[in-house]
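Chemist: Numbering-wise (this note's numbering), the sequence shown opens with residue 15 and increments by one. Starting off with a structure, shown below.
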Amino acid sequence: MQLRLVTIYVKLFRVVVGLPSNDFSSPFSSLVFRRFLFLASSNGCPIIIDIMVVRMSLLLPCRLFRTLKMLRFFSFVKFILVVGFLVIAASFLLLIAGHQNLFNQQEISPKLRQFAPGQIGELCREDSGGEKRIIFIETSGEKCLRPRQSCAVESAALTNPDMSIYVYMAMERPPGKAEMDVGEGLERHCQTMDILESFPNVYINRNDLPKHLIDTPLESLYFSGKLKSSDYALQHISDALRVALLYKYGGIYLDLDVVVLRSLKCLRNTAGHTFILGESSIENGFMAFDRGHKLLKFFMRWMQRAYKPNERSVIGPNGLSKAFQMLCNHPSKIISDSVYDFKCHDNVRVTLHNKTAFHPITYFEQNRFYEQDFNENELDTFDQSYSVHVYGSGHGAHVPKTSLFAFMAHQFCPATYSYHLQGLYSF
Numbered sequence: 015m016q017l018r019l020v021t022i023y024v025k026l027f028r029v030v031v032g033l034p035s036n037d038f039s040s041p042f043s044s045l046v047f048r049r050f051l052f053l054a055s056s057n058g059c060p061i062i063i064d065i066m067v068v069r070m071s072l073l074l075p076c077r078l079f080r081t082l083k084m085l086r087f088f089s090f091v092k093f094i095l096v097v098g099f100l101v102i103a104a105s106f107l108l109l110i111a112g113h114q115n116l117f118n119q120q121e122i123s124p125k126l127r128q129f130a131p132g133q134i135g136e137l138c139r140e141d142s143g144g145e146k147r148i149i150f151i152e153t154s155g156e157k158c159l160r161p162r163q164s165c166a167v168e169s170a171a172l173t174n175p176d177m178s179i180y181v182y183m184a185m186e187r188p189p190g191k192a193e194m195d196v197g198e199g200l201e202r203h204c205q206t207m208d209i210l211e212s213f214p215n216v217y218i219n220r221n222d223l224p225k226h227l228i229d230t231p232l233e234s235l236y237f238s239g240k241l242k243s244s245d246y247a248l249q250h251i252s253d254a255l256r257v258a259l260l261y262k263y264g265g266i267y268l269d270l271d272v273v274v275l276r277s278l279k280c281l282r283n284t285a286g287h288t289f290i291l292g293e294s295s296i297e298n299g300f301m302a303f304d305r306g307h308k309l310l311k312f313f314m315r316w317m318q319r320a321y322k323p324n325e326r327s328v329i330g331p332n333g334l335s336k337a338f339q340m341l342c343n344h345p346s347k348i349i350s351d352s353v354y355d356f357k358c359h360d361n362v363r364v365t366l367h368n369k370t371a372f373h374p375i376t377y378f379e380q381n382r383f384y385e386q387d388f389n390e391n392e393l394d395t396f397d398q399s400y401s402v403h404v405y406g407s408g409h410g411a412h413v414p415k416t417s418l419f420a421f422m423a424h425q426f427c428p429a430t431y432s433y434h435l436q437g438l439y440s441f
């Protein structure tokens, strides 16, 4: 019975393809018979498919048919490649989503959820009436910022949308020793500039920075060549420029290794102090002063007289501390750790904030920024902080994705940090 069915199938097949039902002499006939005999034991669907393929081979020239077969082969290869690409792309997107949700899984905690711009709880109760200007300075002469520097600017822009953020960038590198840091997050990427320029309140100023020293007491110090001849010219020019820019325009100066947590609109004529080996040091990484403030003018005059090119901090925190002590008759030791309002010579008023305001984690504790799986209770450290100083952003230290610094970046500079999560650069 099965042989009879095979014979019927073969005859039917030959009729369909247009051959005599009993002619098996041609090679093609043998091929047809062998293939049909193989398929006869299957259901009808494969037989019909085989009929269609053989019929096509009869109707088309051999070369064209081989071309079509090759096209079918290449289409199959293309299909495999497309599927492989989609699988890889999906895996990559899942990896990114996993990184981006790293802290979202912990957002069950209200403390973590509220540690974000606009939700953290403001310390400023009213506007001080000072200049609505925040200043950053980059003196390396490079065209682009490092991701951690970009994070500082983005955090300032997000937490202070009512203020103008100015980033002053040198057009050429000044003389002096460059920082010799090695590690992660130190490469400069121009995607950071695209991110920052997308904010409506961020302005990038690339110009000849020393020109801002003209018409200030520091003009002669720079043009005499003393600043440029220093081994620390890069740092000293930055120290001089921040004071000169505040003196000429007013506002708030911030270092590029901070993360701004809250609005700064209530801060005016103030700086922060920290303790170093029991001595009070007034830091110049955060300064907020009116245009033409007398402390700034006094400090610049002091720089002229006391400048020593071989001392790195001579016109930095050390110099600012000494100028303040002289103008305000203030001793070098501060016993209490609170906010001080000073009335100095010529009715000059200056407020010193405690270390919690701008340096809640001290220089000697900076490893806390980089420890894996930070405890959410660490956030209590910042309850009374306007910004956080990250001390050179770790000078290349590795930032684990579950560290305190990574969480701060995730919350307060999300655009900058997202590029890191996408693998476009290392944060």
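Here a beta-carbon is modelled for each residue, glycine too, at the ideal position from N, C-alpha and C.
1. What distance in whole Å lies between the Cβ atoms of residue 147 and residue 266, which are believed to be in contact at a cut-off of 8 angstroms?
2. Who are the Cβ neighbours of residue 304 in its own chain at under 8 angstroms, not counting the five residues just before and after it?
3. Taking the straight line between their C-alpha atoms, what separation do you get for residue 169 and residue 214?
4. By Cβ distance, which residues of its chain are closer than 7 angstroms to residue 434, with the 5 residues on each side in sequence left out?
5. Using the Cα positions of residue 422 and residue 334, report the straight-line distance between them to the nearest angstrom.
6. Given residue 261, which residues of its chain have a CB within under 8 angstroms of its CB, disregarding the five upstream and five downstream residues?
7. Going by DSSP in three states, residue 230 sits in which element: helix, strand or coil?
8. Suppose the cutoff is 6 angstroms on Cβ atoms and the five residues either side in sequence are ignored; what does the same chain contact list for residue 316 look like?
9. For the segment 350 to 362 against the segment 382 to 396, do three or more pairs of beta-carbon atoms, one drawn from each stretch, fall closer than 8 angstroms, so that the two count as touching?
10. Hey, would you say residue 222 sits closer than 9 angstroms to residue 185, going by beta carbons?
11. Distance check for residue 238 and residue 232, CA to CA, integer angstroms please.
12. Contact between the segment 166 to 183 and the segment 272 to 282: three or more CB pairs below 8 angstroms?
13. Beta-carbon within less than 6 angstroms of residue 136's beta-carbon, same chain only, minus the 5 sequence neighbours each way: which residues are those?
14. Put residue 68 into one of helix, strand or coil per three-state DSSP.
15. How close, in whole Å, do the beta carbons of residue 376 and residue 430 come, if the pair is a contact with beta carbons under 8 angstroms?
16. Who are the near neighbours of residue 414 in its chain, counting only those whose CB is closer than 6 angstroms to its CB and skipping five residues on each side?
17. By the DSSP assignment, the beta strand (DSSP E) with residue 220 in it spans what residues?
18. Runs of 4 residues minimum, wholly inside the segment 221 to 286: which ones carry the alpha helix (DSSP H) assignment?
19. Am I right that residue 138 and residue 369 are in contact with their C-beta atoms under 8 angstroms? What's the rounded C-beta distance?
20. Residue 372: which of 397, 365 and 402 sits nearest, CA to CA?
21. Considering only the alpha carbon of each residue, which of 259, 197 and 198 lies closest to residue 226?
22. Checking the sheet assignment: what are the DSSP bridge partners for residue 301?
23. What does a CB cutoff of less than 7 angstroms around residue 202 pick up in its chain, not counting 5 residues either side in sequence?
24. Put residue 209 into one of helix, strand or coil per three-state DSSP.
25. Since residue 183 is in the beta strand (DSSP E), which residue starts that stretch and which ends it?
26. In three-state DSSP terms, what is residue 94?
27. For residue 315, which three-state DSSP category applies?
28. Let's test the definition: count the other Cβ atoms within 10 Å of the Cβ of residue 123 and tell me whether it reaches 16, buried, or not, exposed.
Modeler: Taking the definition as stated:
1. 7 angstroms
2. 144, 145, 264, 282 and 283
3. 14 angstroms
4. 161, 440 and 441
5. 30 angstroms
6. 230, 303, 305, 306, 307, 310, 311 and 314
7. Under the three-state reduction of DSSP, residue 230 is assigned to coil, being neither helix nor strand.
8. 337
9. no
10. yes
11. Approximately 10 angstroms, taken between the alpha carbons.
12. yes
13. 276 and 277
14. Bear in mind that the predicted position of residue 68 carries a pLDDT of just 41, short of 50, making it unreliable; the figure below should be weighed with that in mind. Looking at residue 68 - three-state DSSP - the assignment turns out to be helix.
15. About 25 angstroms separates the two Cβ atoms, so there is no contact after all.
16. 386
17. First-last of the beta strand (DSSP E) with residue 220: 216 to 221.
18. Taken in chain order, the whole alpha helix (DSSP H) runs of length 4 or more contained in the segment 221 to 286 are 233 to 237 and 247 to 263.
19. About 19 angstroms separates the two Cβ atoms, so there is no contact after all.
20. 402
21. 259
22. 267 and 285
23. 156, 158, 159 and 160
24. helix
25. Element bounds for residue 183: 178 to 184.
26. helix
27. helix
28. exposed
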